[in-house]
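Enquirer:
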Amino acid sequence: MFGKKHWFFPDAELPPRGDHPDLPGHESFILFNPNGEDAQIEIVLHWTDRDPSEPLKTEVKAGRVKCVRCMEDGILGLSVPEGEQYAVAIHSTVPIIAQYGRLDMRTGNMAFYTTPGYAE
Numbered sequence: 615m616f617g618k619k620h621w622f623f624p625d626a627e628l629p630p631r632g633d634h635p636d637l638p639g640h641e642s643f644i645l646f647n648p649n650g651e652d653a654q655i656e657i658v659l660h661w662t663d664r665d666p667s668e669p670l671k672t673e674v675k676a677g678r679v680k681c682v683r684c685m686e687d688g689i690l691g692l693s694v695p696e697g698e699q700y701a702v703a704i705h706s707t708v709p710i711i712a713q714y715g716r717l718d719m720r721t722g723n724m725a726f727y728t729t730p731g732y733a734e
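The structure is reproduced here in structure tokens:
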């Protein structure tokens with residue numbers, strides 16, 4: 615099996631949408647399950663000034679990819695305030711590959727940031 619079961623992203627921050635209608639500022643977590651078994655996922659948000667969130671649950675089918683976006687309805691229904699620093703822990707029942715991406719349009723230029731995070 616490929617991937618890891620536990621992923622950590624210490625630098626999450628939802629940027630403002632910005633003024634470009636076709637390319638809004640956003641952040642997302644991309645979860646790839648290259649294995650032959652469905653992955654049950656729990657995502658926990660860790661804040662600077664309050665207790666961690668309850669686990670947010672989702673599934674990534676075997677051989678599929680899922681993009682968990684952090685805008686509109688928040689992360690799986692949990693609201694994420696713009697500009698607030700937080701960290702994310704992702705736990706899976708089978709090994710997966712996880713990546714974080716942020717598109718920031720605050721300066722008028724497109725600033726794209728991506729990282730695979732830390733995994734065990």
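Numbers in my numbering are just positions in the sequence shown, counted from 1, shifted up by 614.
Glycine included, every Cβ here is placed at the ideal spot set by N, Cα and C.
1) Rounded to whole angstroms, how far is the Cβ of residue 659 from the Cβ of residue 682, which I believe are closer than 8 Å?
2) Extract the residue ranges of the beta strand (DSSP E) inside the stretch 631–715, only unbroken runs of 3 or more that lie entirely within it.
3) From the DSSP output, in three-state form, read off residue 604 for me.
4) Could you pull the DSSP bridge partners for residue 623 from this structure?
Expert: By the coordinates alone:
1) Within the sequence shown, numbered from 1, the residue matching residue 659 stands at position 45. Within the sequence shown, numbered from 1, the residue matching residue 682 stands at position 68. Actually they do not touch by this definition, with Cβ atoms about 11 Å apart.
2) As far as the stretch 631–715 is concerned, its whole beta strand (DSSP E) runs of at least 3 residues are 640–647, 653–661, 670–674 and 678–683.
3) Examination of residue 604 is not possible in this model, given that the chain is present from 615 through 734 alone.
4) Taking the first residue of the sequence shown as 1, we reach residue 623 at position 9. Its beta-bridge partners are 702.
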